[in-house]
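Enquirer: So the sequences go chain by chain: A and B.
Position 33 of the first sequence, counting from 1, maps to 33 under the UniProt record's numbering, and the rest follow consecutively.
Position 95 of the second sequence, counting from 1, maps to 95 under the UniProt record's numbering, and the rest follow consecutively.
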Amino acid sequence: MQNTPNRNKPRSGKAGKGKQQPERSQTLIIPQISPEMLESARRAAMEGKTQHEIEQAAMEAEQRRQAETADAAQTAEPPRQPAPKPAAPRRKTRAEAEAELDQKIHDDHLWLNNPVMMRGLGLAPVIAAAYNWDNALMLCAAAVLLLTTTRVLAVAICHLTGNRFRPVIYAYSAAILYIPAYCILYAWFGTDLSVLGIYLPLLAVESAIIKRMESPELEPVGEALRRGINNTAGLCIAVLLVGFVRELLGAGTAFGHVIMEIAPLPIVQQPAGGFILLGLIAAAWTGIVNAYTHFKREEVRHQYAERRH
Amino acid sequence: MLNVATELSVMEAVLKFFSYAVMAVFAENIVFTQGMGVSRLLKLVEDRDIRTLQYCIPIILVQLVSAPLGWMAHDWFFPWIRNYLPSWLPITALRPVVYLTCATVAMGVVWLILCIGGKHSRPFREQLPLATYNCCILGTILICANQNFTLLETVAFSLGSGIGYLFAVAIVDEGRRRLRSKDVPGVFKGLPSSLIYIGILSLAIYGLVGHSITA
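Rendered as structure tokens:
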């Protein structure tokens, strides 16, 4: 490597001194050289310019070209950027999915968290008064008129009072709303309403209607309306189901029509039989709900087990 | 100076009082024969934070104080207000609001009584509103009104109902403790087994008495 002559350096020694090579025949190596620069350098070499002049000319040409490119870029419209892709929804973790499922189960007052069958609310009228379809229908109508309206009215008043005196507000809301509700029910059912006895006025303090008074959290009015409707639907389904089964077993009739000549189980029309029958129906209901929730939980578990791979 | 007739009438009244109270505790138990207050009872026996007496003592006191108020409302207030009501408004529509007012006044009286107890009565006072707005209280007043009980009978029946509720809570609490056994199938645990248990007790009372008063 030491003996390798450097082509860019001017030669020294005898040979160099005797016959000097013309500089224009030298090959120029310019880093990152463009074809235009190469052409201009070749022309300058042909014209007999020195190396310094050639380099100077090449640099000027390159600067001009860069300046022209920059001007063209400024005057031209900026290239349209591709629209940013919408951020992909964040995948839920397993804990979040399970929490969401739990919340869904909790909010489903119709089947999975039925107020009567799963939470044991509103048992007094169901056990003692809903012993046939007609009574169940009247209780159902009373619940439709009272439950949601009481909850919404009580929540609205609680917002005004700063969530104080909740028990008094809930109970009185139900008792005051009972007055127009009774008038409507009387117009619908007439004197048949007296069959329900004390269980109709008792709805004013029934836990299915005023249970919310025990909760210190104040819910928004819209949420109270939504939950009230859900609870009403759940209560009605349970009351009608119990009324139908008790009439069938206790009197051998369905919707007032004779189905069986002999009543298979007359005791279910008494409160004692009502307790036992409701316990059995609640057990069947719980079994179905448990199976369903177990299936859904397993579904979530499998879904996240597959994702891991 | 008391004569024999007066002594007999006093004895008769005392006997009547106890017979109505005992009837309300056992034969006409508000929970087992009428199904009232069951929802709250089932929550109560599950709640380890609340002791049975903390909830039942306020119920007994409110029952006792609200009974004469309910009797007065039924015998005095309703006949009087009937003349002023419009024809489209049946008087039965006002029963819950009037009887709830009786219970609320009773709650205020009991609150003052419990305040005498100072710090020791604080747990009872905390449970007082929930105990007052219970089916058991309003149901007892309504039964007494429906049956046209006299003042003495009303007070006796109300006192018996309160004690009967305590009796029912104690029995169901014991039953729930035993129903936590592993032998009980999963679907029956909790509410279903409790309802069946209460139903069997109710059936026993029904078999003993053979009837129940009209509600």
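The beta-carbon is built from N, C-alpha and C at its ideal position, and this holds for glycine as well.
Quick one: give me the first and last residue of the alpha helix (DSSP H) that Phe244 of chain A is part of.
Expert: It spans 221-251 - the alpha helix (DSSP H) in which Phe244 of chain A sits, taken as one unbroken run.
Enquirer: Output needed for Leu201 of chain B: all residues of its chain with C-beta closer than 7 angstroms, excluding positions within five of it in sequence on either side, in chain order.
Expert: Closer than 7 angstroms at the Cβ level, and outside the excluded window around Leu201 of chain B, lie Phe32, Ile171.
Enquirer: Residues of chain B with CB under 8 angstroms from Glu214 of chain A, in chain order?
Expert: The answer, in chain order, is Leu130.
Enquirer: So which of B:Phe77, B:Ile30, B:Val14, B:Tyr55 has the shortest CA-CA distance to Pro271 of chain A?
Expert: Closest option to Pro271 of chain A, Cα to Cα, is B:Ile30.
Enquirer: Considering only C-alpha positions, which residue in the set A:Cys183, A:Ala171, A:Arg64 is nearest to Ser87 of chain B?
Expert: Answer by Cα proximity: A:Cys183.
Enquirer: At a CB-CB cut-off below 8 angstroms, which residues of chain B make contact with Tyr182 of chain A?
Expert: Within 8 angstroms Cβ-Cβ: Pro90, Thr92, Ala93.
Enquirer: Suppose the cutoff is 8 angstroms on Cβ atoms and the five residues either side in sequence are ignored; what does the same chain contact list for Arg82 of chain B look like?
Expert: Around Arg82 of chain B: Ile91.
Enquirer: Hey, how far is the Cα of Arg246 of chain A from the Cα of Leu8 of chain B?
Expert: Cα to Cα, the separation comes out at about 48 angstroms.
Enquirer: Ile209 of chain A and Leu146 of chain A: beta carbons closer than 8 angstroms?
Expert: Contact flag set, yes.
Enquirer: Count the CB pairs spanning the segment 149-167 of chain B and the segment 21-30 of chain B that are closer than 8 angstroms, and state whether there are at least three.
Expert: Enough Cβ pairs lie closer than 8 angstroms, so yes.
Enquirer: The segment 290-307 of chain A: which residues have C-beta closer than 8 angstroms to a C-beta of chain B, in chain order?
Expert: Answer in chain order: Asn290.
Enquirer: What does a CB cutoff of less than 6 angstroms around Asn163 of chain A pick up in its chain, not counting 5 residues either side in sequence?
Expert: Cβ neighbours of Asn163 of chain A beyond the five flanking positions: Leu218.
Enquirer: Are there 16 or more other CB atoms within 10 angstroms of the CB of Ile143 of chain B, so buried, or fewer, so exposed?
Expert: With 16 or more other Cβ atoms within 10 Å, it is buried.
Enquirer: So Cys135 of chain B contacts chain E; which residues on that side make the cut at Cβ distance below 7 angstroms?
Expert: The question asks about chain E, but that chain is absent: this structure's protein chains are A and B.
Enquirer: Could you list the residues in the segment 258-277 of chain A with a C-beta less than 9 angstroms from some C-beta on chain B, going in chain order?
Expert: Result list: Ile267, Gln270, Pro271, Ala272, Gly273, Gly274, Phe275, Ile276, Leu277.
Enquirer: Give me the chain A residues within the contact set of Asn83 of chain B, using Cβ-Cβ distance strictly less than 7 angstroms, ordered along the chain.
Expert: Those within 7 angstroms of Asn83 of chain B in chain A number zero; the least Cβ separation is about 18 angstroms.
Enquirer: Taking only runs of the alpha helix (DSSP H) that begin and end inside the segment 144-196 of chain B, which ones reach a length of at least 4 residues, in chain order?
Expert: Qualifying alpha helix (DSSP H) stretches, in chain order: 151-178.
Enquirer: Going along chain A, which residues have a C-beta under 7 angstroms from Tyr206 of chain B?
Expert: Per Cβ cutoff of 7 angstroms: Gln270, Ala272.
Enquirer: Classify His159 of chain A as helix, strand or coil using the three-state DSSP reduction.
Expert: Correct three-state label for His159 of chain A: helix.
Enquirer: Near Ala305 of chain A, which residues of its chain fall below 6 angstroms by C-beta distance, leaving aside the five closest residues on each side in sequence?
Expert: Contacts found: none.
Enquirer: Report all residues from its chain with a CB closer than 6 angstroms to the CB of Val209 of chain B; omit the five preceding and five following residues, and keep chain order.
Expert: Same-chain partners within the cutoff: Ala27.
Enquirer: May I have the straight-line CA-CA distance separating Leu240 of chain A from Thr6 of chain B, to the nearest angstrom?
Expert: If you take the alpha carbons of Leu240 of chain A and Thr6 of chain B, they lie about 55 angstroms apart.
Enquirer: What residues in the segment 34-50 of chain B bring their beta carbon closer than 8 angstroms to a beta carbon of chain A?
Expert: Going along the segment 34-50 of chain B in chain order, one finds Gln34, Gly35, Met36, Gly37, Val38, Ser39, Arg40, Leu42, Lys43 with a Cβ nearer than 8 angstroms to chain A.
Enquirer: Between the Cα of Phe244 of chain A and those of A:Arg227, A:Arg226, A:Leu278, spot the shortest distance and give me the residue it belongs to.
Expert: Taking only the C-alpha atoms, the option nearest Phe244 of chain A is A:Leu278.
Enquirer: Check the Cβ-Cβ distances between Gly118 of chain B and every residue of chain A, and say whether any is below 8 angstroms.
Expert: With 8 angstroms as the cut-off, Gly118 of chain B does not count as an interface residue toward chain A.
Enquirer: When burial is assigned at 16 or more other CB atoms within 10 Å of the CB, is Phe275 of chain A buried or exposed?
Expert: Classification for Phe275 of chain A: buried.
Enquirer: For the segment 60-80 of chain B against the segment 91-108 of chain B, do three or more pairs of beta-carbon atoms, one drawn from each stretch, fall closer than 8 angstroms, so that the two count as touching?
Expert: Yes, the segment 60-80 of chain B is in contact with the segment 91-108 of chain B.
Enquirer: Apply the 10 Å Cβ neighbour rule to Asn114 of chain A and answer buried if 16 or more other Cβ atoms are within range, or exposed otherwise.
Expert: Asn114 of chain A is buried by the Cβ-count criterion.
Enquirer: Ser202 of chain B versus chain A: which residues are under 7 angstroms apart at the beta carbon?
Expert: Chain A residues near Ser202 of chain B: Pro271, Ala272, Phe275.
Enquirer: Taking C-alpha atoms, which residue in B:Ser181, B:Ser161, B:Ile205 lies nearest to Ser66 of chain B?
Expert: Looking at the Cα atoms, B:Ser161 is the closest of the given residues.
Enquirer: Below 8 angstroms on the Cβ atoms is my guess for Asp192 of chain A versus Met138 of chain A; work out the distance and round it to an integer in Å.
Expert: Sure, about 7 angstroms apart at Cβ, within 8 angstroms.
Enquirer: For the segment 37-78 of chain B, which segments carrying the alpha helix (DSSP H) assignment without a break, of at least 4 residues, lie completely within its bounds, in sequence order?
Expert: Qualifying alpha helix (DSSP H) stretches, in chain order: 38-46, 52-72.
Enquirer: For Leu85 of chain B, I'd like the list of residues in its chain whose CB is within less than 7 angstroms of its CB, leaving aside the five on either flank, ordered along the chain.
Expert: Within the same chain, Leu85 of chain B has close Cβ partners Ile91.
Enquirer: Leaving out five residues before and five after Asn135 of chain A in sequence, what residues of the same chain have Cβ atoms less than 7 angstroms from its Cβ?
Expert: Counting only Cβ-Cβ distances below 7 angstroms, and skipping sequence neighbours, we find Ala129, Val195, Leu196, Gly243.
Enquirer: Drop a sphere of 10 angstroms on the beta-carbon of Trp285 of chain A, count the other beta-carbons inside from all chains shown, and report buried for 16 or more, exposed for fewer.
Expert: Result: buried.
Enquirer: Taking DSSP as the reference, what is the three-state secondary structure of Val97 of chain B?
Expert: Reduced to three states, the DSSP call for Val97 of chain B is helix.
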